[in-house]
Amino acid sequence: MTHSDSRFLLKFATPASPKSLKKMNFRSILITAALIASGAPNHAAAAGPCGDLENAYGPYDYSNPANRRDYLPIVEKFHFTSNVENLIKGRSDTIIGDLDYTLRAFPNHHRALYSMIRYQLDHPVQPGSQFYTAECYLDRAMRFVPTDPVPHMLAGIYYQRSNDLQKALQSYLEAYAIAPDWVELNYNLGLLYLELGDNDKALEHAHFAYQRGYALQGLKSKLTRKGLWAQNN
Numbered sequence: 009m010t011h012s013d014s015r016f017l018l019k020f021a022t023p024a025s026p027k028s029l030k031k032m033n034f035r036s037i038l039i040t041a042a043l044i045a046s047g048a049p050n051h052a053a054a055a056g057p058c059g060d061l062e063n064a065y066g067p068y069d070y071s072n073p074a075n076r077r078d079y080l081p082i083v084e085k086f087h088f089t090s091n092v093e094n095l096i097k098g099r100s101d102t103i104i105g106d107l108d109y110t111l112r113a114f115p116n117h118h119r120a121l122y123s124m125i126r127y128q129l130d131h132p133v134q135p136g137s138q139f140y141t142a143e144c145y146l147d148r149a150m151r152f153v154p155t156d157p158v159p160h161m162l163a164g165i166y167y168q169r170s171n172d173l174q175k176a177l178q179s180y181l182e183a184y185a186i187a188p189d190w191v192e193l194n195y196n197l198g199l200l201y202l203e204l205g206d207n208d209k210a211l212e213h214a215h216f217a218y219q220r221g222y223a224l225q226g227l228k229s230k231l232t233r234k235g236l237w238a239q240n241n
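Quick look at the structure:
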């Protein structure tokens with residue numbers, strides 16, 4: 009699978025090449041996440057190596073509409089501007105400093121998590137840094153709201169772009185256990201299974217996605233080139 013085909017346009021999307029990464033539509037996934045992640049956030053989740061979740065401001069649940077209405081605007085105004093999200097420059101700190109602030113206040117902030125992943129794929133956090141690794145920010149999000157499927161999907165994207173396909177599969181399947189009808193997730197699973205050589209699974213998820221009107225054609229094109237799509241449709 010090429011980077012340009014690895015997407016999760018989650019109605020809050022994910023792709024994999026630096027250019028396609030900027031073409032995400034993070035809006036409707038919030039609706040999905042809000043419906044699924046209905047449990048209370050886990051403020052007391054065990055800290056482990058990735059730190060506890062206590063914070064002076066928050067932490068707040070990004071999938072909760074009331075939290076976004078009441079507490080998110082000030083965070084995004086001063087720490088998650090368009091320049092920060094697109095990794096151009098910081099607002100109140102460095103880029104990673106502003107992303108860190110945002111993710112401490114809203115550990116499962118989908119767009120900030122995605123920006124942190126993109127940033128750290130190019131600028132990995134070194135041991136002894138004051139900031140967490142990308143994996144830690146994902147771990148914190150999953151501990152905070154375990155029923156939010158988006159951080160699991162984002163973890164799959166991260167591992168897929170890091171060429172750790174087994175961890176990517178594990179993360180996608182964790183998201184799938186929470187949201188099996190999520191079309192974008194099925195599309196990504198199809199791409200990953202195809203790369204792993206499991207054509208039957210790739211076709212299963214491709215059929216699910218395309219029967220529900222999924223727009224991206226990368227998976228279908230790959231299946232067609234292998235002679236798999238024509239003989240099954």
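With the sequence shown counted from 1, adding 8 to any position gets you the numbering used here.
Ideal Cβ positions, reconstructed from N, Cα and C, are used throughout, including at glycine.
Everything numeric in this text was worked out from a predicted model, so none of it was measured.
Proximity of residue i and residue j at Cβ, strictly below 8 Å
{"i": "N91", "j": "K97", "result": "yes"}
{"i": "D189", "j": "S71", "result": "no"}
{"i": "V153", "j": "A113", "result": "no"}
{"i": "L193", "j": "M161", "result": "yes"}
{"i": "L224", "j": "Y180", "result": "no"}
{"i": "L95", "j": "L111", "result": "no"}
{"i": "Y109", "j": "H131", "result": "no"}
{"i": "L200", "j": "L227", "result": "no"}
{"i": "I125", "j": "A142", "result": "yes"}
{"i": "A210", "j": "G198", "result": "yes"}
{"i": "Y222", "j": "V191", "result": "yes"}
{"i": "L146", "j": "P159", "result": "yes"}
{"i": "A183", "j": "G164", "result": "yes"}
{"i": "L204", "j": "L231", "result": "no"}
{"i": "R119", "j": "L61", "result": "no"}
Assigned secondary structure, residue i (DSSP; H/G/I helix, E/B strand, else coil)
{"i": "V153", "result": "coil"}
{"i": "Q225", "result": "coil"}
{"i": "A214", "result": "helix"}
{"i": "Y65", "result": "coil"}
{"i": "G198", "result": "helix"}
{"i": "G57", "result": "Sequence inspection shows Pro at residue 57; the Gly mentioned does not correspond to that position. Of the three classes helix, strand and coil, the one that applies to P57 here is helix, per DSSP."}
{"i": "R220", "result": "coil"}
{"i": "G164", "result": "helix"}
{"i": "A238", "result": "helix"}
{"i": "T89", "result": "coil"}
{"i": "S71", "result": "coil"}
{"i": "N171", "result": "coil"}
{"i": "A187", "result": "coil"}
{"i": "D206", "result": "coil"}
{"i": "M32", "result": "Reliability fails at M32, whose pLDDT of 45 lies under 50, so the model's placement of it is uncertain and no value is given."}
{"i": "T232", "result": "helix"}
Any non-hydrogen atom of the ligand HEM closer than 7 Å to residue i Cβ
{"i": "D60", "result": "With respect to the ligand HEM, the structure offers nothing, as it holds no ligand at all."}
**Request:** Determine contact between the stretch 73 to 80 and the stretch 159 to 169, defined as no fewer than three beta-carbon pairs at a distance below 8 Å.
**Result:** They do not touch, by the three-pair rule.
**Request:** Tell me the start and end of each unbroken beta strand (DSSP E) in the stretch 95 to 150 that is at least 3 residues and wholly inside, in chain order.
**Result:** Positions of the beta strand (DSSP E) runs, each at least 3 residues long and wholly inside the stretch 95 to 150, cannot be given because no such run exists.
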